[in-house]
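Visitor: Numbering (the numbering used here), first residue to last: 12 to 374.
Every residue, glycine too, gets a C-beta built ideally from N, C-alpha and C.
Model, not experiment: these values are computed from the prediction.
Structure provided below as structure tokens; questions to follow.
Structure below.
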């Protein structure tokens, strides 16, 4: 049995965790442009949910009705909870027409700077794409050169089976190095448009493809990242051994970057929603959102979509393994009448993101 003081202390921490969980819930509903601090709680939503679950079991074992507090909190936040932890097994989807596949992948400039210490990285990217063989491939942090040293575009067209591409560059250097975002397709591309977000290198591209008698709009986006510096990662990794002064200093820097990035993503999210509302065609919206399922970014963008992961996968499905547990920040969302018949998360280490892949059909 636990004594009275210990019980009061645990109950106090239980209430704090419940409050933080609810703040994370409201952070998905209120724009960071209004209350940027709430966005921080959405990043820890999955951890807060786990802790509340632990309190439920703890109080239940000790036969205390306090378990109802955390249970009620989890029931109140059930929607982002089920989008973070998907527990429903896959269901069989009937295929109507010829299926087509979509790959979304933040490729981290195809390991241009050899961060993997592997000079064969580009060839491994090519082999992976050839093996998966997507009909549409959406790349974020895309790179190609025009001086022949890193001819990604030419190789994707000549050797990977793609026939057309929509590429937008956020940076073009004098040495022929070009950075941006790209969508490659085996289907005819009939229209292209770009969304250049102001004061940032992030962007989205809108690509209309013709699939038999239907037209499909692909929106490939790369939203604002937190832009952690090397010292931020060192701080996070060293947090348990730092003194209080170092923790406060490091936390201030990290919190500032988190809040600033969430505010920028809120603006970018509104622009993408505007493009979605204007579309005359069904849409696949994919890319690196740089935000978790509980976030305002995801909650806003997924409102009129179905998440491919949620349809056909069980678990958390983290796509950014830099942290534990891995964060799910890369998505493929789709609109009716599209249906998703298959979804795969490839846990390879070619980039700092895992690629996501889905197969779809139109009635």
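1. Can you check DSSP and say which residues form a bridge with residue 153?
2. In or out: residue 330 buried (at least 16 other Cβ within 10 Å) or exposed?
3. Can you check the stretch 161–236 for any beta strand (DSSP E) of at least 3 residues that lies completely inside it and give the ranges in chain order?
4. Per DSSP, residue 147 is paired with what?
5. Note down, in chain order, each residue of its chain lying with its Cβ closer than 7 angstroms to the Cβ of residue 235, except the 5 sequence neighbours on either side.
6. Buried or exposed for residue 59, please, with buried defined as at least 16 other CB atoms from any protein chain shown within 10 angstroms of its CB.
7. Name the DSSP bridge partner or partners of residue 371?
8. Out of 232, 307, 322, state which residue places its alpha-carbon closest to the alpha-carbon of residue 46.
9. Determine whether the Cβ of residue 232 lies closer than 8 angstroms to any Cβ atom of chain B.
10. Are the stretch 188–197 and the stretch 154–166 touching by the rule of at least three beta carbon pairs closer than 8 angstroms?
11. Considering only residues of the stretch 256–317, which uninterrupted alpha helix (DSSP H) runs meet the minimum length of 4 residues and lie entirely inside it, listed in chain order?
12. Spatial neighbours of residue 132 within its chain, please: C-beta separation below 6 angstroms, excluding the five flanking residues on both sides.
13. Apply the 10 Å Cβ neighbour rule to residue 325 and answer buried if 16 or more other Cβ atoms are within range, or exposed otherwise.
14. Can you have a look at residue 53 and say buried or exposed, based on whether 16 or more other CB atoms are within 10 angstroms of its CB?
15. Within the same chain, show all residues whose beta-carbon is closer than 8 angstroms to that of residue 114, passing over the 5 residues directly before and after it, in chain order.
16. Shortest alpha-carbon distance to residue 65 belongs to which of 371, 34, 29?
17. Thinking C-beta only, is residue 94 closer than 8 angstroms to residue 321?
18. According to DSSP, is residue 345 part of a helix, a strand, or is it coil?
19. When burial is assigned at 16 or more other CB atoms within 10 Å of the CB, is residue 67 buried or exposed?
20. Write down the C-beta distance between residue 88 and residue 32 rounded to the nearest angstrom, noting that I regard them as a contact closer than 8 angstroms.
21. Mapping DSSP to helix, strand and coil, what is residue 66?
22. Tell me the residue span of the alpha helix (DSSP H) that contains residue 365.
23. Classify residue 364: buried if its beta carbon has 16 or more other beta carbons within 10 angstroms, exposed otherwise.
24. List the endpoints of the continuous alpha helix (DSSP H) containing residue 27.
25. Below 7 angstroms, is the gap between the Cβ of residue 89 and the nearest heavy atom of the ligand NAP?
26. What residue from 50, 292, 183 has the CA that sits closest to residue 230's CA?
27. By how many angstroms is the C-alpha of residue 125 removed from the C-alpha of residue 119?
28. Would the beta-carbon of residue 345 fall within 8 angstroms of that of residue 319?
29. For residue 121, list the residues DSSP reports as bridge partners.
30. Using CA coordinates, which residue listed in 372, 220, 359 is at the minimum distance from residue 347?
31. Short check: CB of residue 218 to CB of residue 177, under 8 angstroms?
32. Counting only the same chain and skipping the five closest in sequence on each side, list residues whose C-beta sits under 7 angstroms from that of residue 39.
33. Suppose the cutoff is 6 angstroms on Cβ atoms and the five residues either side in sequence are ignored; what does the same chain contact list for residue 328 look like?
34. Are the beta-carbon atoms of residue 2 and residue 195 separated by less than 8 angstroms?
35. Considering only DSSP beta bridges, list what residue 97 is partnered with.
Guide: Once the coordinates are examined:
1. 191.
2. When all chains shown are included, residue 330 counts as buried.
3. When DSSP assignments are scanned along the stretch 161–236, the uninterrupted stretches of beta strand (DSSP E) that are 3 or more residues long and fall wholly within it turn out to be 175–183, 188–196, 200–207, 214–222, 225–233.
4. DSSP lists 113, 196 as partners of residue 147.
5. If we look at residue 235 and ignore the five residues flanking it on each side, its Cβ neighbours are 211, 213, 272, 275, 276, 279, 301.
6. With 16 or more other Cβ atoms inside 10 Å of its own Cβ, residue 59 counts as buried.
7. According to DSSP, residue 371 bridges with 111, 351.
8. Of the candidates 232, 307, 322, the residue whose Cα lies closest to the Cα of residue 46 is 307.
9. No chain B appears in this structure, which consists of one protein chain only.
10. In short, these stretches touch, since the Cβ pair count reaches three.
11. Here the runs fully enclosed are 307–312.
12. Excluding residues up to 5 positions away in sequence, 122 lie with their Cβ nearer than 6 angstroms to the Cβ of residue 132 in the same chain.
13. Classification for residue 325: exposed.
14. Result: buried.
15. Contacts found: 140, 143, 145, 147, 148, 149, 366, 367, 368.
16. Among 371, 34, 29, the Cα nearest to that of residue 65 belongs to 29.
17. It is a contact, given that the beta carbons lie within the stated cut-off.
18. Residue 345: strand per DSSP, three-state reduction.
19. That one is buried.
20. Confirmed, about 6 angstroms.
21. Note: residue 66 maps to helix in three-state DSSP.
22. First-last for residue 365: undefined, no H or E at that position.
23. By the 10 Å Cβ count, residue 364 comes out buried.
24. In the DSSP assignment, residue 27 falls within the unbroken alpha helix (DSSP H) covering 15–38.
25. The ligand NAP is not part of the structure shown, which contains no ligands of any sort.
26. The shortest Cα separation from residue 230 among 50, 292, 183 belongs to 292.
27. Computed Cα separation, rounded: 10 angstroms.
28. It is a contact, given that the beta carbons lie within the stated cut-off.
29. Bridge partners of residue 121 according to DSSP: none are assigned.
30. Here the closest residue by C-alpha is 372.
31. It is a contact, given that the beta carbons lie within the stated cut-off.
32. The beta carbon of residue 39 sits closer than 7 angstroms to those of 53, 91, 305, 306, 307, 310, all from its chain and outside the five residues before and after it, given in chain order.
33. Within its own chain, the residues whose Cβ lies closer than 6 angstroms to the Cβ of residue 328, once the five positions on either side in sequence are excluded, are 320, 339, 356, listed in chain order.
34. One cannot answer for residue 2 here, as it falls past the ends of the chain, which runs 12 to 374.
35. In the DSSP output, where bridge partners are listed per residue, residue 97 has 326.
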